[in-house]
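First up is the structure itself, then whatever we jot down about it.
This is the structure:
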């Protein structure tokens, strides 16, 4: 989701060590309990090439985490800096009775209840998304908003939050910039970074299209960061 600067709330740490028992709330839906049980805890120094990354994006009815709702979720997978074209997630949600003033058509061009889309309920989409993600490391551009919207859905469904370690491509881009971390925020929009790195902006402003763009950006930024470090990247380098 582009165009929203979410300050705080994005997951900046990651789990260390192997899988270990976590507290499971018996009131959680069974599918969320299963998700929570299989989250991977990564050892310090884990080589990033050994990790599967799920790159995801959301489209929403607006930018208010409390009032707005998900319209769609898209995701693709990358491992060893290679995109797997056979593993793609794309779902559209039928928004609940809209009690917000946002206009999804104006923002994304997505039309709720359009006959051109196959829509699913919120619980089914979130459940399927977590099954697709599994114990992968998450990647998104301006991660906090997309993750925050999914966490809001999980809260409505009586679940805990997303538990995966997560990477923000905007943060990596800032670290690579000669201007340093505190460069102006608009320097790190997905559009500008894609153009800077010669990434085609095809299917822009759809969740799966933006996931593909973000995945290509993630691979290019990872390659540049590895070259700068002069070694293979570890997960610590990306968080």
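Residue numbers (our numbering): 1090 to 1328. Cβ coordinates follow ideal geometry from the N, Cα and C atoms, glycine included.
Using the Cα positions of residue i and residue j, report the straight-line distance between them to the nearest angstrom.
| i | j | result |
| --- | --- | --- |
| residue 1276 | residue 1177 | 29 Å |
| residue 1140 | residue 1224 | 10 Å |
| residue 1286 | residue 1308 | 11 Å |
| residue 1197 | residue 1151 | Interpretation of residue 1197 is limited by its pLDDT of 47, a score under 50 that renders its predicted location unreliable; the figure taken from the coordinates is listed afterwards. Going by the C-alpha atoms only, they are around 9 Å apart. |
| residue 1145 | residue 1213 | 17 Å |
| residue 1318 | residue 1312 | 10 Å |
| residue 1294 | residue 1125 | 30 Å |
| residue 1216 | residue 1120 | 7 Å |
Determine the burial state of residue i: buried for a count of at least 16 other Cβ atoms within 10 Å of its Cβ, exposed for fewer.
| i | result |
| --- | --- |
| residue 1241 | buried |
| residue 1267 | exposed |
| residue 1115 | exposed |
| residue 1265 | exposed |
| residue 1320 | exposed |
| residue 1325 | exposed |
| residue 1133 | exposed |
| residue 1304 | buried |
| residue 1166 | buried |
Specify the secondary structure class of residue i as computed by DSSP and reduced to three states.
| i | result |
| --- | --- |
| residue 1179 | strand |
| residue 1217 | helix |
| residue 1211 | helix |
| residue 1300 | helix |
| residue 1163 | strand |
| residue 1114 | coil |
| residue 1276 | helix |
| residue 1093 | Because the pLDDT of residue 1093 is 48, which lies under 50, any placement of that residue in the model is unreliable, and the number read from its coordinates should be weighed accordingly. In this structure, residue 1093 counts as coil in the three-state DSSP scheme. |
How far does the alpha helix (DSSP H) with residue i in it reach, from first residue to last?
| i | result |
| --- | --- |
| residue 1244 | 1232 to 1245 |
- prompt: Is it a yes or a no for the segment 1159 to 1172 touching the segment 1244 to 1254, going by three-plus beta-carbon pairs under 8 Å?
  reply: Contact fails: fewer than three Cβ-Cβ distances are below 8 Å.
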